[in-house]
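Okay, structure first, notes after.
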Ligand code: NAI
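Numbering (the working numbering), first residue to last: 16 to 346.
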């Protein structure tokens with residue numbers, strides 16, 4: 016039995032995490048869930064949306080599955096997601112984006128993996144207001160963080176039988192910062208002769224992604240471009256309800272959907288658990304429970320093919336009906 020921390024979140028978090036735990040349990044994955052509450056619901060009793068016990072649980076178990084957590088606006092709390100990434104040094108943001116059966120999109124041949132550096136770039140938070148009319152942000156790129164994320168991308172490609180890792184920068188303009196990221200990629204790439212290499216500028220990539228997304232495989236990007244391009248890629252496969260993600264570090268990994276806590280549909284049994292379920296499937300693969308992962312993925316695809324879908328995908332199934340249909344399709 017493997018113990019996993021489950022952060023069941025707030026908003027639609029508890030509904031979708033309940034559905035996903037039941038599906039994973041029904042697959043025979045033999046997971047013991049250590050449920051950790053976080054977010055708005057615990058602020059009053061514990062004084063913070065991210066109590067230390069949550070971090071300790073992840074540090075102990077090494078792996079967490081996380082439902083979305085609301086970031087209270089204007090109450091002085093830092094985002095739970097940013098805090099988690101910082102305190103666990105989750106340096107790699109992984110976003111596989113692949114078409115799902117019966118989910119209508121403009122393309123039917125998208126199979127991309129976005130690897131985004133999670134710790135530096137313009138998100139290092141070094142900003143200043145020089146005057147009322149001038150503000151400055153510093154873009155931090157280091158060789159160590161850039162080589163680490165590029166190595167992560169190549170290792171992922173090898174482990175998952177991908178053919179190419181393409182680096183995305185604007186090194187023609189930001190010659191020092193993006194230039195260093197590109198140079199780090201070239202250094203690391205020498206160790207992976209079996210994986211095809213490609214270099215592209217981020218503006219050109221965006222245009223090509225919305226025309227021919229099938230031409231790309233694994234993409235590795237600095238933080239800001241990664242943030243933007245991964246949402247673009249989520250749009251290519253059907254949007255928020257189906258976009259999965261993971262934040263991975265040396266010691267710990269947190270698997271989570273891209274979407275937020277959807278307060279507008281909270282408690283209505285309407286939320287689509289697919290993105291969290293796909294994150295759970297990726298988590299099972301990460302802990303080498305590939306058989307169960309494959310089984311759940313087939314059941315999910317079968318469910319979508321048989322047109323059982325939640326409202327966000329144009330269907331009429333409730334969260335619990337969708338959950339039960341996936342469980343029924345597990346073989
Ligand atoms: P959101 O992703 O929660 O919702 C945007 C729209 O998509 C809403 O109409 C919502 O109903 C719909 N939606 C999202 N997920 C869905 C699902 N699984 N099934 C069906 N419909 C779904 O984004 P929003 O409203 O900007 O953020 C709400 C809260 O979530 C904020 O406090 C934000 O800070 C937080 N958030 C948390 C994240 C996390 O924990 N990783 C990520 C993004 C936002």
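For every residue, glycine included, the Cβ atom is placed at its ideal position computed from N, Cα and C.
- Remark: the shortest separation between the CB of residue 253 and any heavy atom of the ligand NAI does not fall under 8 Å.
- Checking the 8 Å criterion, the Cβ of residue 125 is out of range of every heavy atom belonging to the ligand NAI.
- Per DSSP, residue 110 lies in no alpha helix (DSSP H) segment; the continuous beta strand (DSSP E) that holds it begins and ends at 107 to 113.
- For residue 44 against residue 305, the beta-carbon gap comes to about 11 Å, at or over 8 Å, which does not count as contact.
- Here residue 58 is near residue 87, since their CB atoms are less than 9 Å apart.
- Taking a C-beta distance under 9 Å as the contact criterion, residue 173 and residue 210 qualify as a contact pair.
- Per DSSP, reduced to three states, the secondary structure at residue 30 is helical.
- The shortest C-alpha to C-alpha distance from residue 32 to any of 331, 344, 318, 289 is the one to 289.
- Note that the C-beta distance between residue 180 and residue 169 is below 9 Å.
- Residue 51: not part of any alpha helix (DSSP H); member of the beta strand (DSSP E) spanning 46 to 51, first to last residue.
- Our two residues, residue 56 and residue 25, have alpha carbons roughly 7 Å apart in a direct line.
- Annotated three-state conformation of residue 337 is helix, per DSSP.
- Excluding the 5 residues flanking it on each side, residue 223 has same chain C-beta neighbours closer than 7 Å at 230, in chain order.
- Assignment of residue 85 by DSSP, reduced to helix, strand and coil, places it in the coil class.
- Annotated as proximal: residue 338 and residue 38, with beta-carbon spacing under 9 Å.
- By the C-beta density criterion, residue 214 is exposed, having fewer than 16 other C-beta atoms within 10 angstroms.
- Here the alpha carbon of residue 46 sits roughly 28 Å from the alpha carbon of residue 133.
- In the three-state scheme derived from DSSP, where H, G and I count as helix and E and B as strand, residue 302 is classed as coil.
- For residue 76, the secondary structure class from DSSP, reduced to helix, strand or coil, is helix.
- Residue 346 counts as exposed, since fewer than 16 other beta carbons sit within 10 angstroms of its beta carbon.
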